[in-house]
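Each residue of the sequence shown is one higher than the one before, starting from 604 at the first, in this note's numbering.
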Amino acid sequence: CYKVVTSNYFELLTIFLISSSALQIGLSTNWMAENLVDTTSSEHRIIEVIYCIIFTAELILRLTAYRLAFFTQVGWAWNVFDLLLVGVQLLEELLMALSSGSDGDGTVHGTVGALQQMSPTTLLRIARILRAVRVLRILRIALMAEDLRLLVSCLLYCSKPFFWTAVLLGLMIYIVAIYLTQIVLVYRVEGDIGLSLDPYFGSVPQSMLSLFQGMTGGIDWENMVTPVFRDISTLAGSMLVLFMAFAILGVMNVVTGTFVQNAICRAEEVKDMQRAMKARRLFKSLDDDETGQISFKEILNHTKDREVLAFFRDLDIEPSEAKFLFDMLDINQSGSIDFEEFLNGCIRLQGSAKAIDMLVVTRETRLAFEQLSGHMRRFQAELSILTEKLMGWKGH
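Structural data, given as structure tokens:
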């Protein structure tokens, strides 16, 4: 069961089923919208039940294979998320069955509690909400595709900067909105001047919305500025122009740079995690005797494996240089490599050189130079003694 769940074919089949299920939900919703009905066709219902059985069986297989590790292994949050979605789908099927078995007065046979008091219309509404939630299963594809998982992780990591960016923009817009609303209010109270500004600055919420739309391209901010210049004053119009220029050219560019910087940092962290997971899988495949250590003989036995060749290709190393790679990873020169040595070596070789790496190289080069200098001094001293002895023998 574990081999089936962890095989590539099982993963590909799961991706296909998730994608086709999301497509089926879209087609079913579109059919109901085109026909102005609140229940789907019998064909779609049969397909939904089949998908429910398949996903329930898939979840049972993975629970059987991983057991308690299902809730503790890497990616456990996605497992719990999938468990909740399967539960939602089962609840949706239960509600659909209850609604179809209702009488005209809304009583459901064979049920107890609160469900007995619910009308079929209420049950169908709840089922439709649960169906919309079930579409989120397609996010599981992000767990299986590395590039998509990287994008999703970067977006989630930027949620905190996004929140504080929204707070900053909200404060700026709120302050300027109060200022503009007060100016327009004064001119409207004193006379009929400023009526053309009412759609933009008639109230504080309307002013905030107009400023936000002008900053983000929702409306052309020239439409807001021109009435201010014409009906209010040149100073007020100039202040609004300066604010829009500062917001668009300054604040928005800083916000973009912050998002990009956070996304780059998160991308590096995710890539390190992916390298660690790949190194763990490769180490298990090389450890034939399952001792927790791999020897050079075990590496030679797998030099033609696809994962090993991909590993050599990532490190830009030819398979013929496996001995050199083994010696580099075997730091303590014990003739075998444990997982910690293998992981640290893989991360260092796949990543760019860091400052600590350069310091280590400099230190080792200095020690080697000092050792070589010592050997040269001893060699020179011994050579001088030998030369004196030869000169003495020649004198005799």
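Glycine residues also receive a C-beta, built at the ideal position from the N, C-alpha and C atoms.
Residue i (DSSP reduced to helix, strand or coil)
i, result
"Ile897", "strand"
"Val607", "helix"
"Ser644", "coil"
"Asp930", "helix"
"Val806", "It is Ser, not Val, that sits at residue 806 in the sequence shown. The answer is coil: DSSP assigns Ser806 none of H, G, I, E or B."
"Ser799", "helix"
"Asp875", "helix"
"Ser836", "coil"
"Asp750", "helix"
"Ser976", "helix"
"Ser939", "strand"
"Glu793", "helix"
"Glu921", "coil"
"Leu986", "helix"
"Gly820", "coil"
"Asp706", "Low confidence applies to Asp706: its pLDDT is 45, below 50, so where it sits in the model is not reliable, and the reading given next is rough at best. Of the three classes helix, strand and coil, the one that applies to Asp706 here is coil, per DSSP."
"Cys757", "helix"
"Thr675", "coil"
"Thr906", "coil"
"Leu697", "helix"
"Asp892", "coil"
"Leu686", "helix"
"Leu639", "coil"
Residue i to residue j span [Cα, whole Å]
i, j, result
"Asp834", "Ile851", "25 Å"
"Gly709", "Ala700", "Confidence in Gly709 is poor, its pLDDT being 44 and thus under 50, which makes the residue's placement unreliable; the coordinate value appears in the next sentence. The alpha-carbon atoms of Gly709 and Ala700 are separated by roughly 13 Å."
"Pro830", "Gly853", "25 Å"
"Ala866", "Leu783", "36 Å"
"Leu1018", "Pro764", "No answer is possible for residue 1018: the residues shown for the chain start at 604 and end at 999."
"Lys992", "Leu986", "10 Å"
"Ser976", "Phe982", "10 Å"
"Arg980", "Gln936", "29 Å"
"Cys949", "Met880", "11 Å"
"Val691", "Arg743", "16 Å"
"Phe613", "Glu661", "10 Å"
"Arg670", "Arg969", "53 Å"
"Ser939", "Leu912", "20 Å"
"Met855", "Cys761", "15 Å"
"Arg909", "Ile822", "55 Å"
"Glu825", "Asn611", "56 Å"
"Phe804", "Trp767", "26 Å"
"Leu666", "Gly895", "26 Å"
"Ala780", "Leu688", "43 Å"
"Pro802", "Ser813", "9 Å"
"Val858", "Gln864", "10 Å"
"Leu838", "Leu800", "16 Å"
"Tyr639", "Asn633", "Tyr is not the amino acid found at residue 639; the sequence shown has Leu there. About 10 Å."
"Ser623", "Glu646", "15 Å"
"Thr642", "Val683", "30 Å"
"Phe996", "His978", "The question names Phe, but residue 996 in the sequence shown is Trp. In a straight line, the C-alpha of Trp996 is about 27 Å away from that of His978."
"Asn904", "Thr990", "55 Å"
"Val964", "Asn947", "16 Å"
Distance between beta carbons of residue j and residue i, contact taken as under 8 Å
i, j, result
"Glu943", "Asp933", "About 12 Å separates the two Cβ atoms, so there is no contact after all."
"Leu615", "Ile657", "Contact doesn't hold; Cβ gap of about 15 Å is too wide."
"Ala680", "Cys604", "Not confirmed; about 23 Å, so no contact."
"Val607", "Leu664", "7 Å"
"Met827", "Gly817", "6 Å"
"Phe899", "Phe929", "5 Å"
"Cys655", "Leu693", "7 Å"
"Glu921", "Phe915", "7 Å"
Residue of the options minimising C-alpha distance to residue i
i, options, result
"Glu695", "Val738, Phe673, Leu671, Val683", "Val738"
"Ile778", "Leu742, Cys655, Leu843", "Leu843"
"Leu751", "Gln877, Asn856, Ser631, Arg969", "Gln877"
"Met811", "Met847, Ser898, Ser610", "Met847"
"Leu889", "Ile902, Met880, Asn611", "Ile902"
"Cys757", "Lys874, Arg980, Phe982, Arg969", "Lys874"
"Gln785", "Ser806, Pro802, Ser799, Leu970", "Ser806"
"Asp685", "Leu671, Thr659, Leu697, Gln676", "Thr659"
"Leu759", "Val964, Phe862, Asn904, Asn856", "Phe862"
"Ser644", "Ser631, Trp996, His905, Glu637", "Ser631"
"Thr617", "Thr642, Arg740, Ala984, Glu646", "Arg740"
"Phe815", "Phe849, Gly840, Ile776", "Ile776"
Cβ-heavy atom distance, residue i to the ligand SAH, below 7 Å
i, result
"Ile835", "Looking for the ligand SAH in the displayed structure turns up nothing, as the structure carries no ligands at all."
Residue-chain proximity (residue i, chain C), Cβ-Cβ < 8 Å
i, result
"Asn865", "In summary, chain C is missing from the structure at hand, where a single protein chain is found."
Exercise for review: Would you check if the stretch 609–629 and the stretch 646–658 touch, i.e. whether three or more CB-CB distances between them fall below 8 Å?
Suggested key: With a cut-off of 8 Å, the stretch 609–629 and the stretch 646–658 count as touching, because enough Cβ pairs lie within range.
### Task
Say whether the stretch 764–782 touches the stretch 882–899, bearing in mind that this needs 3 or more beta-carbon pairs closer than 8 Å, one atom from each stretch.
No, they do not touch.
Notebook entry, point to check: Does the stretch 779–790 come within contact of the stretch 834–845, defined as at least 3 CB pairs closer than 8 Å?
Noted result: Yes: at least three Cβ pairs fall under 8 Å.
Could you tell me whether the stretch 867–875 touches the stretch 752–763, where touching means 3 or more Cβ pairs closer than 8 Å?
Touching, per the Cβ criterion.
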